[in-house]
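Step one of this worksheet: look at the structure below.
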Amino acid sequence: MAEYVVARNIYSEDRFNADYEKIYRQRKTLLNHVTDYFRCNSRRARSAALSLLPIIGWMKIYRVKEWLLSDIVSGVSTGLVAVLQGLAYCLLASLPPWYGLFSAFFPVVIYFFLGTSRHISVGPFPVLCLMIGSVVTRIVPDDAPPMNITGFEGLTQDQQRVLVASSISFLAGIMQLAMGIFQVGFVVMYLSDTLVSGFTTAAAVHILVSQLKFVLGLTVPGISGPLALIKTLEVIFNKIGSTNVCDVVISLVIMVVVFIVKELNDRFKSKLPVPIPIEVIMTVIACGVSYAFDFKTKYGIGVVGVIPKGYEAPVAPNLEIFQETAVDAFPMAIVGFAVAFSVAKVYSVKHDYIIDGNQELIAFGVSNIFGASFKSFAASTALSRSAVQESTGGKTQVAGLLSAIIVMVVTVAIGFLLEPLPKSVLGAVVIVNLKGMLMQVREVPYLWRRDKPDCVVWVGTCVASILLGLDLGLGVGLGIELISVVLRTQFPRCSVLANIKGTDIYKDKKDYLDTFEPEGMKIFRIPAPLFFANIDFFRNKLVEALGFNPLRVLRKRNKALRVIRRMLKKGELTCTPKGYLNMCPEPYKEVDGEDSVEELDLPTDLKDLPIQVDWRGELPVNVNVPPVDLHSLVLDFAAVSFLDVSALKGLKTALKELIRIEVEVYIVACDPYILEKLHSCGFFDDEVTPSIFFLTLHDAMLNILERHPESNQCKTNLSKIMTTATVHHPNSSIRSRDRNGMEPETRF
């Protein structure tokens with residue numbers, strides 16, 4: 032077994048800095064950072080251009096012979112899926128289906144130039160579509176007049192809804208672009224995987240309920256706001272007797288076939304050159320059967336209907352809709368970016384390239400702004416569509432551009448072929464694709480066993496999003512997540528450490544049997560930053576570990592000293608070689624209010640007493656002073672990452688209380704930046720000095736044993752800690768030497 036041995040001095044922070052010269056580094060101020068950020072030169076201009084147009088970087092390394100064919104195959108496959116999902120997901124947004132084709136085209140073209148991911152498929156995302164749909168039905172309800180908005184005059188209900196969807200998408204794009212410009216892509220860090228999982232599971236439940244009206248062939252008005260899902264289910268159950276049997280049969284057949292083939296795709300994906308595009312195949316079959324047997328006339332099923340050829344003229348967003356939807360647009364911007372960025376991050380790791388979060392925000396912001404101008408709605412990425420693009424061999428966003436061309440061909444030329452497509456087919460396709468999101472519920476038992484606070488975040492986010500709606504649910508989930516983080520830092524698991532015999536290792540003494548804790552010493556570990564919310568918890572835990580309250584001891588000692596002085600002055604107390612002797616037959620009685628609290632909190636003053644007071648012995652006065660068997664306390668700050676001003680004041684107060692009752696305090700493994708802050712904030716004075724800081728826990732313990740050798744004498748059979756330095760010379764064998772003639776072994 033390999034061993035290492037070291038010989039060096041015992042280092043406090045002051046002694047280490049005296050022995051080893053420290054490099055002075057000038058810290059950058061906020062003004063320096065701002066100046067550097069806006070400084071411009073040719074190199075930064077070139078870097079900025081490459082950053083804003085990532086296409087320049089990856090097109091320079093594009094391998095035409097190796098990648099082009101793969102991108103073509105991937106683009107065609109993804110384009111077919113994008114057409115179907117564009118039509119299907121548009122129903123979630125409560126818009127005419129063909130507007131989904133716009134969302135599968137315009138954002139993709141812009142992302143081709145500005146995006147940093149080479150594999151995600153940009154376009155409609157079901158959760159975003161549902162969030163847009165809730166806003167659309169709130170502003171333009173099915174069974175009530177729309178809100179009084181100036182731009183609605185002369186427009187049909189569908190046109191009003193399209194204007195709402197494009198306006199809120201435009202606003203979400205502006206928010207994403209602004210966050211990208213101001214380099215705040217880090218906001219997605221506050222959306223943990225647990226929160227996103229709970230949120231998307233709730234979104235899947237909403238999507239499932241929203242598609243029931245198409246699967247059952249019912250007319251259900253759009254309902255938004257808290258408890259909208261419950262109200263929608265109530266309406267569906269009330270109308271269940273009007274179910275269209277033909278829609279139900281079509282939906283069941285589609286769902287069963289698509290589910291089985293998708294399972295086969297997953298099971299045999301290593302053997303299949305490309306996944307079987309079963310959704311596209313079933314859509315084509317359903318279109319043909321519906322057209323041949325005239326399902327719309329004979330059975331009264333809802334179909335996609337007339338799909339206008341070509342694109343519509345661009346439209347300006349409505350400012351009044353901006354005012355009504357500003358609160359809704361922000362969670363859309365965050366969710367759309369967070370989902371796309373997480374998927375892009377998975378593929379970037381798999382294929383070994385770098386994505387830029389801030390540039391992704393810019394790319395999606397511009398994509399949504401440009402797309403919304405042409406009546407598309409907010410885009411992100413659908414996991415299933417991105418999986419198709421990557422699994423069919425897509426190498427770059429050339430595949431994404433080709434998928435957009437396929438969508439364009441359908442929009443401009445052959446869209447009429449999809450007119451007889453039953454809406455129940457689209458609903459069935461959407462429901463089958465929810466499997467992945469719905470199966471995330473299996474994470475709950477795992478989280479409960481492994482991390483209960485994370486489980487609470489998942490369940491809280493999911494339940495809130497289901498009952499209150501996706502926008503409010505996301506806010507509630509963020510609140511629960513932040514509360515869990517605060518509680519973890521506010522109530523850390525503090526511990527008392529002990530030495531593992533024969534080593535310089537210190538562990539929680541509750542976790543190990545063969546440990547050594549010298550008498551009169553205590554090591555207390557704080558595994559969290561100290562700030563205003565947990566400083567009182569830290570002090571309470573410290574008192575609990577010590578077994579006494581330093582402030583109470585100090586006050587009792589000062590009260591006892593006051594009594595001793597008064598009794599000496601009255602002659603009721605005399606000094607003997609063995610200590611103070613009480614000459615008064617009656618014990619001294621305390622008078623309430625004779626000592627102020629401020630005076631009792633001052634350091635004990637023994638200067639004017641004829642002999643010292645033995646606080647461990649029996650006192651000659653009627654004051655009960657709690658005994659203190661501790662002479663040294665070590666605070667392990669290795670896990671303390673920062674201190675705020677409130678914690679600094681609380682820490683100093685706690686240290687002074689201990690020092691004033693003659694307990695030596697040492698702080699070890701303190702971060703250099705915290706030390707700098709303590710110096711700059713005037714933390715040190717005559718009582719609390721920089722000498723209490725030591726480099727390591729073992730340094731402090733060895734220093735204490737030198738100052739209090741009696742702490743080690745009660746242990747007779749102690750292991751040895753080797754302190755001989757081992758030096759390896761390149762051209763010779765390992766040899767040992769003692770530094771400055773130090774004793775090669777130190778007992779501990």
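Position one of the sequence shown corresponds to residue 32 (the numbering used here), numbered consecutively onward. Where is the CB? At the ideal position from N, CA and C, for every residue including glycine. For clarity, every value in this text was computed on a predicted model and none was experimentally measured.
Cβ of residue i within 9 Å of Cβ of residue j?
{"i": "W489", "j": "L260", "result": "no"}
{"i": "S134", "j": "A410", "result": "yes"}
{"i": "G424", "j": "V311", "result": "no"}
{"i": "G146", "j": "V153", "result": "yes"}
{"i": "I723", "j": "I698", "result": "yes"}
{"i": "L361", "j": "A203", "result": "One point to set straight first is that residue 361 is Phe, not Leu, in the sequence displayed. Result yes, Cβ atoms of F361 and A203 sit closer than 9 Å."}
{"i": "I338", "j": "A317", "result": "no"}
{"i": "P257", "j": "L81", "result": "no"}
{"i": "D432", "j": "V104", "result": "In the sequence as presented, Asp is not what sits at residue 432; that position holds Leu. Contact flag unset, no."}
{"i": "T534", "j": "K540", "result": "no"}
{"i": "F368", "j": "E391", "result": "yes"}
{"i": "V366", "j": "M162", "result": "yes"}
{"i": "E688", "j": "L585", "result": "yes"}
{"i": "I554", "j": "L679", "result": "no"}
{"i": "L664", "j": "M552", "result": "yes"}
In chain order, what residues of the same chain have a beta carbon less than 7 Å from the beta carbon of residue i, not counting five sequence neighbours either side?
{"i": "D50", "result": "none"}
{"i": "T520", "result": "A559, P560 and N565"}
{"i": "L406", "result": "According to the sequence as given, residue 406 is Lys; it is not Leu. Within the same chain, K406 has close Cβ partners Y130, F133, V193, S197, E343 and V346."}
{"i": "R647", "result": "P658"}
{"i": "M439", "result": "F136"}
Whose C-beta lies closer than 6 Å to the C-beta of residue i among residues of the same chain, with five residues either side of it excluded?
{"i": "I642", "result": "C606"}
{"i": "P252", "result": "D173 and D174"}
{"i": "G106", "result": "A430, L433 and S434"}
{"i": "G446", "result": "I338"}
{"i": "H760", "result": "Its pLDDT being 43, under 50, H760 is placed unreliably by the model, and the measurement read from it follows with that caveat. Contacts found: none."}
{"i": "K270", "result": "L249"}
Rounded to the nearest angstrom, what separates residue i and residue j at their Cα positions?
{"i": "V171", "j": "D567", "result": "53 Å"}
{"i": "R416", "j": "V167", "result": "25 Å"}
{"i": "V696", "j": "L666", "result": "8 Å"}
{"i": "H182", "j": "N349", "result": "Note that residue 182 corresponds to Gly in the displayed sequence, not to His. One C-alpha to the other measures close to 7 Å."}
{"i": "V740", "j": "H662", "result": "The sequence given here places Pro at residue 740; Val does not occur at that position. For P740 and H662, the distance between alpha carbons rounds to 12 Å."}
{"i": "M732", "j": "E575", "result": "21 Å"}
{"i": "Q428", "j": "I92", "result": "13 Å"}
{"i": "G681", "j": "A495", "result": "38 Å"}
{"i": "R570", "j": "L709", "result": "19 Å"}
{"i": "D102", "j": "L111", "result": "14 Å"}
{"i": "L726", "j": "R77", "result": "46 Å"}
{"i": "Y35", "j": "E44", "result": "24 Å"}
{"i": "K244", "j": "H64", "result": "56 Å"}
{"i": "G23", "j": "P453", "result": "Beyond the ends of the chain as shown, which are 32 and 779, falls residue 23; an answer cannot be given."}
{"i": "R298", "j": "K381", "result": "20 Å"}
{"i": "R75", "j": "L414", "result": "35 Å"}
Under a Cβ-count criterion, where at least 16 other Cβ atoms within 10 Å of its own Cβ denotes burial, should residue i be classed as buried or exposed?
{"i": "S434", "result": "buried"}
{"i": "H150", "result": "buried"}
{"i": "E718", "result": "exposed"}
{"i": "G117", "result": "buried"}
{"i": "H237", "result": "buried"}
{"i": "F673", "result": "exposed"}
{"i": "S455", "result": "buried"}
{"i": "P703", "result": "exposed"}
{"i": "L544", "result": "exposed"}
{"i": "C525", "result": "buried"}
{"i": "E636", "result": "At residue 636 the sequence reads Asp, which differs from the Glu that was named. Label assigned to D636: exposed."}
{"i": "S711", "result": "exposed"}
{"i": "T250", "result": "exposed"}
{"i": "F668", "result": "buried"}
Using C-beta distances below 8 Å, list every residue in its chain close to residue i, excluding the 5 sequence neighbours before and after it, in chain order.
{"i": "E737", "result": "I41"}
{"i": "F522", "result": "N565 and F568"}
{"i": "S422", "result": "K300, V305 and P306"}
{"i": "E351", "result": "I180, T181 and G182"}
{"i": "R583", "result": "P657"}
{"i": "T231", "result": "V158, V370, M468 and Q471"}
Per DSSP, which one or two residues make a beta bridge with residue i?
{"i": "V215", "result": "In DSSP, V215 forms no bridge with anything."}
{"i": "Y697", "result": "V665"}
{"i": "A537", "result": "One detail in the question is off: residue 537 reads as Tyr in this sequence, not Ala. N530."}
{"i": "K553", "result": "L664"}
{"i": "G154", "result": "S411"}
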